[in-house]
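A.B. asks:
In my numbering, the protein residues as written are 1009 to 1356.
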């Protein structure tokens, strides 16, 4: 592949990524996918997977071609951020659609690792004479699809931990709500919620804080709410019982579920990504079990004493974790640190 072709491929693949991200928060457990149809370096069609169960990116891309460009479809190159499917799911195989329109060139960023696809789409296209190029901006493509790819590879959801801490390392006060992060950081947290299929907290957090667990400060779909514990003794007017999103209670018949059991149940519910927000005990259980993939820690410049007049002995220390810091940035007077768990373990 010459340098000129590579440059053109990357240009149009980046557009696929932009389109794919329009499906953020709506496609799970399906992946976010974008597609672009190019004829003589001119985009004649674009599409993305808008929400779970709807038409795939390739379908929307081909359907978007204007009448005067339809004659060019067979001569155009189709760019797609994820391998076209080759199986009948909620929609027909996209590989068959490509063959139906006699498209001769397909450029792909990432091979789909879902068992029903996993190279079968590429194989079907090549077997039928289509020139298929793979691996274009693959690192970026995999980063965009990290939740989906992780779920398929390890049969477990991608777990993101989130907590805010004071400058002296506290995350809360027993029996009292504590506002540690600023308003901009709050919007950042709602952005995180919108990029995950589900949000998880313990029942104690529900009882003490009555959280809404939604994305009211960001655009997107409210995540599925996962509560560790049963639904007993929760007041009927509590936010968790409203109809703004699905709520799933995970509880054992006679005792508290282990994190391993929680992970298995999340997989059974086809939850591919979870944002774990607390409380401290729940966060620590995920850390000790080593079932977490990344953490977003919001650190205030203020100490506990500056935020609250409560005694320190009633305060809860922030959990401790080890990992690789991949990013640090400021949101006004808060610092956001993103840590990757380089030793996360698969389910057993």
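Cβ coordinates follow ideal geometry from the N, Cα and C atoms, glycine included.
Nearest-angstrom Cα distance between residue 1230 and residue 1324?
C.D. replies: If I take the Cα positions, the gap works out to 28 Å.
A.B. asks: Which first and last residues belong to the beta strand (DSSP E) in which residue 1355 is found?
C.D. replies: Taken as a continuous stretch (DSSP letters only), residue 1355 belongs to no beta strand (DSSP E), as it is neither H nor E.
A.B. asks: I need the boundaries of the beta strand (DSSP E) containing residue 1053, first residue and last residue.
C.D. replies: Looking at the DSSP string, the run of the beta strand (DSSP E) that includes residue 1053 is 1050-1056.
A.B. asks: Check the C-beta distance from residue 1035 over to residue 1059 and give it rounded, since I have them as a contact under 8 Å.
C.D. replies: Residue 1035 to residue 1059, Cβ: 6 Å. Contact.
A.B. asks: In terms of alpha-carbon separation, which member of 1139, 1179, 1257, 1240 lies closest to residue 1306?
C.D. replies: Nearest C-alpha to residue 1306: 1179.
A.B. asks: Can you say whether residue 1210 is buried or exposed, counting buried as having 16 or more other CB atoms within 10 angstroms of its CB?
C.D. replies: Its Cβ being crowded by 16 or more others within 10 Å, residue 1210 is buried.
A.B. asks: Quick one: is residue 1243 buried, meaning 16 or more other Cβ sit within 10 Å of its Cβ, or exposed?
C.D. replies: Classification of residue 1243: exposed, given that the 10 Å Cβ count is below 16.
A.B. asks: For residue 1334, count neighbouring Cβ atoms within 10 angstroms of its own Cβ and tell me buried if that reaches 16, exposed if not.
C.D. replies: With fewer than 16 other Cβ atoms within 10 Å, it is exposed.
A.B. asks: CB-CB under 6 Å to residue 1254, same chain, minus the five flanking residues each way: which ones, in chain order?
C.D. replies: Excluding sequence neighbours, residue 1254 sits near 1232.
A.B. asks: Considering only residues of the same chain and omitting the five flanking positions on each side of residue 1026, which have a CB-CB separation below 8 Å?
C.D. replies: Around residue 1026: 1042.
A.B. asks: Ignoring anything shorter than 4 residues, give me the alpha helix (DSSP H) runs that lie fully in the segment 1256-1328, in order along the chain.
C.D. replies: You should have 1267-1276, 1288-1297, 1312-1315.
A.B. asks: If you drop the 5 nearest sequence neighbours on each side, which residues of the same chain put their C-beta closer than 6 Å to that of residue 1301?
C.D. replies: Answer for residue 1301: 1166, 1167, 1349, 1352, listed in chain order.
A.B. asks: Would you decide whether residue 1128 is buried or exposed? Buried here means 16 or more other CB atoms lie within 10 Å of its CB.
C.D. replies: Flag for residue 1128 reads buried.
A.B. asks: Work out the CA separation of residue 1046 and residue 1073 for me, nearest whole Å.
C.D. replies: Using only the alpha carbons, I get a separation of about 10 Å.
A.B. asks: With a cut-off of 8 Å on the beta carbons, I'd call residue 1030 and residue 1089 a contact; round off their distance for me.
C.D. replies: 12 Å between Cβ atoms; not a contact.
A.B. asks: Between residue 1226 and residue 1195, what straight-line distance do the alpha-carbon atoms span, to the nearest angstrom?
C.D. replies: Computed Cα separation, rounded: 6 Å.
A.B. asks: If you compare alpha carbons, which of 1071, 1115, 1220, 1308 is closest to residue 1192?
C.D. replies: The shortest C-alpha separation from residue 1192 is found at 1308.
A.B. asks: Can you tell which of 1144, 1207, 1103 has the C-alpha that lies nearest to the C-alpha of residue 1093?
C.D. replies: Closest by alpha carbon: 1103.
A.B. asks: DSSP three-state call for residue 1222: helix, strand or coil?
C.D. replies: Coil.
A.B. asks: If I follow the unbroken alpha helix (DSSP H) through residue 1147, where does it start and stop?
C.D. replies: Per DSSP, residue 1147 belongs to the alpha helix (DSSP H) from 1146-1152.
A.B. asks: At what residues does the alpha helix (DSSP H) containing residue 1246 begin and finish?
C.D. replies: No alpha helix (DSSP H) holds residue 1246; DSSP gives it neither H nor E.
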